[in-house]
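*Asks:* Sequences listed follow chains A and B, in order.
If you're matching positions, the first sequence starts at 38 in my numbering and goes up one per residue.
If you're matching positions, the second sequence starts at 38 in my numbering and goes up one per residue.
Number of protein chains: 2
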Amino acid sequence: MSLPHAVLGLLAVAPGTGYDLTRRFEASLSHAWHASHSQIYPELARLQGRGLVQEAGRGARGSRTWAITDQGLAELDRWLVEVQPNRSQRNETALRWFLLPLLPADQRRSALEREIADMLDSTAYLEAAAAGSGEVADDHPFRATAKLGVRINDVMLAWLREQLADT
Amino acid sequence: MSLPHAVLGLLAVAPGTGYDLTRRFEASLSHAWHASHSQIYPELARLQGRGLVQEAGRGARGSRTWAITDQGLAELDRWLVEVQPNRSQRNETALRWFLLPLLPADQRRSALEREIADMLDSTAYLEAAAAGSGEVADDHPFRATAKLGVRINDVMLAWLREQLADT
DNA sequence: GCCATCATGTAATTAGTTACATGATTAG
DNA sequence: CTAATCATGTAACTAATTACATGATGGC
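Dropping the structure here:
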């Protein structure tokens with residue numbers, strides 16, 4: 038279970054409110070992890086209970102800003118270094134691409150065309166992130182993963198076009 | 038929720054028992070979807086209830102062989118063509134790579150080295166699958182996704198090595 | 001006879017989604 | 001004044017994991 042470490046990681050970059058974290062999951066972590074506010078608020082409470090985050094102040098509209106503690110940083114490092122990652126994955130896109138050969142040729146072609154269009158959208162989005170569009174600090178190394186995403190998309194796009202040509 | 042369609046897809050390739058499907062998830066679908074037998078048996082019962090699969094015979098040790106029905110094939114096609122895929126994902130590897138810059142340089146280097154080793158293992162496995170190692174029928178186009186996996190791994194490996202060089 | 005593998009299920013728990021519920025502030 | 005956005009939470013439900021439970025067959 039990686040949600041607590043995703044939250045710790047985002048708070049290690051900068052403190053923030055639950056609402057703020059929800060947007061940061063969406064903006065900078067959407068290719069790696071997804072979490073909605075209904076998961077984030079209870080998780081912040083649990084992490085506080087474990088001493089890994091603490092309230093760093095309250096703002097307007099009843100907002101609570103959270104910061105990672107030294108214990109939280111230690112736990113994040115431990116997880117990155119010691120815990121062997123769970124490589125099993127569920128990826129609906131990969132599942133679809135795997136099953137696409139089951140479709141008759143004409144339906145397969147139109148499905149491939151839709152996938153190509155979606156992939157172009159995704160690449161445009163990641164290129165903006167790789168160029169740095171304010172979601173994270175300007176020179177933050179996190180942008181490296183967006184660049185990786187662009188390269189992976191290029192490979193996937195080329196593959197989709199080959200499949201289309203072969204159909 | 039894609040589990041029912043993953044099961045239908047595997048049964049569209051060939052009929053099989055719940056036990057058999059469990060192994061096929063592991064062998065040919067592990068890069069796209071993961072499911073254990075405790076999910077598969079109840080799912081087969083549900084699909085039977087919806088008329089999308091049917092029992093195609095019983096074998097030794099109380100085994101039940103399942104086959105997809107025409108209704109099941111129609112549902113699978115409909116899902117592939119009409120349902121817009123859920124692109125939100127959770128990928129622990131991507132999360133780790135995203136958070137790696139938070140580690141001090143020496144720990145980051147050893148973490149990157151471990152990732153490189155794991156990636157080489159994964160590539161070896163996928164290359165065997167792309168060459169065709171009996172998991173699916175010999176000329177089955179499903180092998181195309183293994184080839185895509187190899188190419189993606191190449192890009193990821195190059196990226197990891199760049200990160201290591203920059204650390 | 002015993003161990004590996006084949007084979008099927010259920011129960012308890014944890015994780016994640018969707019829906020419900022409420023209220024403050026700000027820009028137009 | 002009103003709509004968008006900021007802001008936080010809980011409840012109900014669905015999906016997935018881990019643990020429990022049992023038994024057959026085949027090779028050594």
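Glycine included, each C-beta is placed from N, C-alpha and C at the ideal position.
Roughly how many angstroms lie between the CA atoms of A/Ala104 and B/Glu164, to the nearest whole one?
*Replies:* Their Cα atoms are separated by approximately 44 Å.
*Asks:* So is B/Pro242 in contact with chain A if we call contact Cβ pairs under 7 Å?
*Replies:* An answer regarding residue 242 of chain B cannot be provided, because it is not within the stretch 38 to 204 covered by chain B.
*Asks:* CA-CA distance, B/Thr106 and A/Arg198?
*Replies:* Near 32 Å, if we compare the C-alpha coordinates of A/Arg198 and B/Thr106.
*Asks:* Residues of chain A with a CB under 8 Å from the CB of B/Gln144: which are they?
*Replies:* Per Cβ cutoff of 8 Å: Asp114, Leu117 and Val118.
*Asks:* When the distance is taken between beta carbons, is A/Glu92 closer than 7 Å to A/Val44?
*Replies:* Their beta carbons are not under 7 Å apart, which means A/Val44 does not touch A/Glu92 by this criterion.
*Asks:* For the segment 182-192 of chain A against the segment 186-193 of chain B, do three or more pairs of beta-carbon atoms, one drawn from each stretch, fall closer than 8 Å, so that the two count as touching?
*Replies:* Yes: at least three Cβ pairs fall under 8 Å.
*Asks:* Going along chain B, which residues have a C-beta under 7 Å from A/Thr130?
*Replies:* Chain B residues near A/Thr130: Pro122 and Arg124.
*Asks:* Where does B/Ala72 sit, in a helix, a strand or coil, going by DSSP?
*Replies:* Here B/Ala72 sits in coil by DSSP.
*Asks:* Consider the Cβ of A/Arg60: report whether some Cβ of chain B lies at a distance smaller than 7 Å.
*Replies:* No, A/Arg60 does not count as interfacial toward chain B.
*Asks:* Could you tell me the boundaries of the beta strand (DSSP E) in which A/Val118 lies?
*Replies:* Per DSSP, A/Val118 belongs to no beta strand (DSSP E); it is in the alpha helix (DSSP H), Asp107 to Glu119.
*Asks:* What are the residues in the segment 67-100 of chain A lying within 8 Å of chain B by C-beta distance?
*Replies:* Answer in chain order: Ser67, His68, Ala69, Trp70 and His71.
*Asks:* Find the residues of chain A that neighbour B/Met156, judging by a C-beta separation of less than 9 Å, and give them in chain order.
*Replies:* The contacting residues do not exist; B/Met156 stays about 10 Å from chain A at best.
*Asks:* Measuring straight from C-alpha to C-alpha, what distance separates A/Gly46 and A/Leu113?
*Replies:* Rounded to whole angstroms, A/Gly46 to A/Leu113 spans 7 Å at the Cα level.
*Asks:* Does the beta carbon of B/Thr102 sit closer than 7 Å to a beta carbon anywhere in chain A?
*Replies:* So, not an interface residue.
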